Amino acid sequence: MKIRPILYILIASTIIVALLLYAHLYTERISNTRSLLVYTPPTMYPPISEYAEFFKRSSGVEVYIAVGPTGTLISKIDITRKGDVLFTADHVFMERAINMGIIERDSVRVVSYVIPAIIVHRGNPHNISDLQDLVNKQVRIGTADPEGAPFGRIAVEILKRAGVYDAVKDRLVIYTDVLVVARQLALKRVDVAILPYIVKYWYPGELDIVWIQASDLRGLVSCQLVGVVVFSEDKNLSRDFISSFRAWLREKSSVLRYVVDLGDLAAFTPYDPRELEFPSICLGE
Numbered sequence: 024m025k026i027r028p029i030l031y032i033l034i035a036s037t038i039i040v041a042l043l044l045y046a047h048l049y050t051e052r053i054s055n056t057r058s059l060l061v062y063t064p065p066t067m068y069p070p071i072s073e074y075a076e077f078f079k080r081s082s083g084v085e086v087y088i089a090v091g092p093t094g095t096l097i098s099k100i101d102i103t104r105k106g107d108v109l110f111t112a113d114h115v116f117m118e119r120a121i122n123m124g125i126i127e128r129d130s131v132r133v134v135s136y137v138i139p140a141i142i143v144h145r146g147n148p149h150n151i152s153d154l155q156d157l158v159n160k161q162v163r164i165g166t167a168d169p170e171g172a173p174f175g176r177i178a179v180e181i182l183k184r185a186g187v188y189d190a191v192k193d194r195l196v197i198y199t200d201v202l203v204v205a206r207q208l209a210l211k212r213v214d215v216a217i218l219p220y221i222v223k224y225w226y227p228g229e230l231d232i233v234w235i236q237a238s239d240l241r242g243l244v245s246c247q248l249v250g251v252v253v254f255s256e257d258k259n260l261s262r263d264f265i266s267s268f269r270a271w272l273r274e275k276s277s278v279l280r281y282v283v284d285l286g287d288l289a290a291f292t293p294y295d296p297r298e299l300e301f302p303s304i305c306l307g308e
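If you're matching positions, the sequence shown starts at 24 in this note's numbering and goes up one per residue.
Here you go:
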């Protein structure tokens, strides 16, 4: 009669040991899971989000993506001291991140060359042909925040270069970043926007491109860059991610419409690289 309680105790002990062993193995598996925290501006978010899924399937590495205006992302890295890879929408913010000591200088690589343009609704209902038409047509103009978003700052500089900024500044509708501006334009809450040309392909069949004269862009264009965050706990993995993403984007460029090699600029835009005067950092590897 005393055997049954002992049996119960043995069974219970076995179950407890099994649960503890499972918990230990599960915790060990979770702790051994490799991951990356990648910071990206909206301009690069569509291809990065697509590639992150591919990278996870091929390597087992989980890629967490933080998206926002480049200036905000840099501040977040500086405050939290966390992250692995930073993409920037232009060279100005990458140089700032390097000077702040949060990006390894020798890890920086060019990712793409995305040119600003006037983005209009399909069919160009306001018949916009150049920057002067933004004055004459009295349209609402969407742009990203020039304080934190590179393409917002560049948009303001373009308007000033063309001599139309004072005439249109009261009709500028400013949103946090490129993704938000593009969405508001697609929803027809603004009439036009100054955005990366690539936005047209985010909303196929809804938006069109009006190219800006090269003289109004010369010296104001930039490139998208990527580098390893100095706080990364796995710098080799971060570098592997950067290298493989650049190779993947090059293969996908004809579909995604990103200019990966400066020599291909004329295939995607009406410009010759020499007439736009890219900064020296954009002419590297």
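All C-beta atoms, glycine included, are put in the ideal place defined by N, C-alpha and C.
Values in this document were obtained by computation on a predicted structure and should not be read as measured data.
- Using a Cβ distance threshold of 8 Å, L218 and F174 count as a contacting pair.
- In the DSSP assignment, F116 falls within the alpha helix (DSSP H) that extends over 114 to 122.
- Excluding residues up to 5 positions away in sequence, I138 lie with their Cβ nearer than 6 Å to the Cβ of T292 in the same chain.
- Bounds of the alpha helix (DSSP H) holding P173 are 173 to 184.
- In the displayed model, V131 falls within coil according to three-state DSSP, outside both helix and strand.
- DSSP places L202 inside the alpha helix (DSSP H), whose first and last residues are 201 to 209.
- Between P92 and T166, the C-beta spacing is not below 8 Å.
- Judged by DSSP in its simplified three-state form, P219 adopts strand.
- For P139, the three-state secondary structure derived from DSSP is strand.
- Boundaries of the beta strand (DSSP E) harbouring Y62: 58 to 63, taken from the DSSP string.
- For the pair V86 and D156, the Cα-to-Cα distance works out to about 43 Å.
- Around G94, the same chain offers G171 as residues with beta carbons nearer than 6 Å, after the five sequence neighbours per side are excluded.
- Residue burial is scored here from C-beta neighbours: P227 has fewer than 16 other C-beta atoms within 10 angstroms and is therefore classed as exposed.
- Each of L272, A289, V233 was checked against the Cα of G146, and the nearest Cα belongs to V233.
- The C-alpha of I141 is placed about 15 Å away from the C-alpha of I197.
- CA-CA distance, E300 to V244, rounds to 7 Å.
- Its chain contains F110, R132, V134, I265 as the residues whose beta carbon lies nearer than 6 Å to that of V249, once the 5 sequence neighbours on both sides are disregarded; these appear in chain order.
- With a beta-carbon spacing of about 5 Å, A205 and V222 fall inside the 8 Å limit used to define contacts.
- When the five nearest sequence neighbours on each side are left out, the beta carbons in the same chain lying within less than 7 Å of the beta carbon of T56 are those of E85, in order along the chain.
- Inside the region 243 to 294, DSSP marks whole alpha helix (DSSP H) runs of 4 or more residues at positions 258 to 279, 288 to 291, from first to last along the chain.
- At a Cβ-Cβ threshold of 8 Å, V251 and S267 do not count as neighbours.
- Secondary structure of V196 (DSSP, three-state): strand.
- Per DSSP, Y87 is one residue of the beta strand (DSSP E) stretching across 85 to 90.
- Cβ-Cβ distances below 8 Å link Y68 to I88, V90, L202 in the same chain, with the five nearest sequence neighbours on each side left out; the list follows chain order.
- Distance between A120 and T103, taken at the CA atoms: about 14 Å.
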